[in-house]
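Residue 243 in this note's numbering sits at position 97 of the sequence shown; the count goes up by one each step and never skips.
Here's the structure we're looking at; comments come further down.
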Amino acid sequence: MPRKSEQTDVLGNVYPGLDVLLERDCAPLAGKRVGLITNHTALSRNGIHAIELLFSNKTCKLVALFSPEHGLTGTADEAVESGKDTRTGLPVYSLYGRTRKPTPEMLKGIDVLVFDMQDIGCRFYTYIATMAHCMEAAKENKIKFIVLDRPNPIGGLKVEGAIPPKELCGQFTCIYPIATRHGMTIGELALMFNDYFGIGCDLEVIPMKNWQRWMYYDQTGLLWVNPSPNMKTLNGAILYPGPGTLETTILSPGRGTDRPFEMYGAPYIDSRKLAENLANRNIPGVRFVPYTFVPTAKYHQFKDQTCYGVFAIITDRDKLNSVLAGLHLAQAIYETAPDKFKARDGFKTETGDPETWKMLAEQKLTPEEIIKKWQPALDKFIQVRKKYLLY
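Here you go:
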């Protein structure tokens, strides 16, 4: 960590890649027909959307929009159809509907693809898979690809979790074998995807100004916009790489409530018993208190049912290992409700190890022992990752 005087110089003074592009008078886009891959999070430091800024810019011509999961407005919690942007009249091609990769027909008349949206720093958050597929399409159609970088909201120092084996990769929630909490920005990931994982498109990353690796999103001075319908708080994002994996079990992470991914429960759980189990574990940086809630998000398990469980209170985010906390939470629930708490198939994908559930429930390894098993592969990833860090 830098000295406090050094922190003061940059705290609250981060400029996203979008602002840096505008400072450069959109020079990389001069005379180009632009396709913008984006959603509601692509705001300038002053809160103006990239669509408005590029559509009104005389340097280039914005001709098409592409949207990820949850659509252009970030409100859909289901597959999204392509359509038209009401503000500009531009076509909006959904990449979370009939296709998850731009087709040659969608890319006709486009000279450069620009990617600008807010990621949250977790391998199984789908926006990075959308970026990878768009980079592949750019390579195949000989189109330049530009990433406007944005902060990793949960910081760029911590790297946690398993490195998934090849058989789990290629999925939308596990596009490449990277750490669960990767500690990289979207631009740094693009560099790694393009080089180390071999996409090989004509890539340019426009870095941010003043972002430092130790920063969490609330230290950037940028407006928090929910990146997706149920990513409503920074604490929820910090917890997501660990406890968030439990959404792939017979459990609710509070989708539809005010604080999703900060609460975890089900109708069958004994809240007090679970909280006592967790308290005895002395998990660094977090404590769990008994909690009752009703999830309301459609399509999600236990919708409109009273769920009993726990609320995660982050006591020290710098000491918290979110993946370790998630393993402890899963094991504690299993110990208190072994007959009803089960993992679904997605649990192995999100944790990044096909053996995670077996190690937790059957072999009864401690979460610390599981983390230790993962460490050699994680160390290798950390070494590879160094080449692509911009900050």
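Ideal Cβ positions, reconstructed from N, Cα and C, are used throughout, including at glycine.
- A residue is called buried when at least 16 other Cβ atoms come within 10 angstroms of its Cβ; Asp295 meets this threshold and is buried.
- A contact is defined here as three or more CB-CB pairs under 8 Å, and the segment 498 to 506 fails this definition with respect to the segment 355 to 362.
- Looking at Asn376, Leu380, Ile479, the one whose alpha-carbon comes closest to that of Arg418 is Ile479.
- Between the segment 252 to 271 and the segment 327 to 337 there are three or more inter-stretch CB-CB distances shorter than 8 Å, so the stretches are counted as touching.
- Arg233 counts as exposed, since fewer than 16 other beta carbons sit within 10 angstroms of its beta carbon.
- For Gly255, no beta strand (DSSP E) encloses it, and the DSSP letter there is neither H nor E.
- Straight-line measurement puts the Cα of Pro214 at about 26 Å from the Cα of Glu306.
- In the DSSP assignment, Phe527 falls within the alpha helix (DSSP H) that extends over 513 to 531.
- The distance from the Cβ of Ile415 to that of Val432 is about 18 Å, inconsistent with a contact at the 8 Å cut-off.
- Under DSSP, Asp450 shares a beta bridge with no residue.
- The Cβ atoms of Ala210 and Pro174 do not sit closer than 7 Å to each other.
- Listed in chain order, the non-local C-beta contacts of Glu393 below 7 Å within the same chain comprise Pro399, local neighbours out to five positions each way being set aside.
- In the structure shown, Tyr414 adopts coil according to DSSP, grouped into three states.
- Here the alpha carbons of Glu515 and Ile324 stand approximately 20 Å from one another.
- Here Glu313 is exposed: its Cβ has fewer than 16 other Cβ atoms, across all protein chains shown, within 10 Å.
- In the structure shown, Glu350 falls within a strand segment according to DSSP collapsed to helix, strand and coil.
- Remark: C-beta atoms of Thr319 and Thr495 approach each other more closely than 7 Å.
- For Ser228, the three-state secondary structure derived from DSSP is coil.
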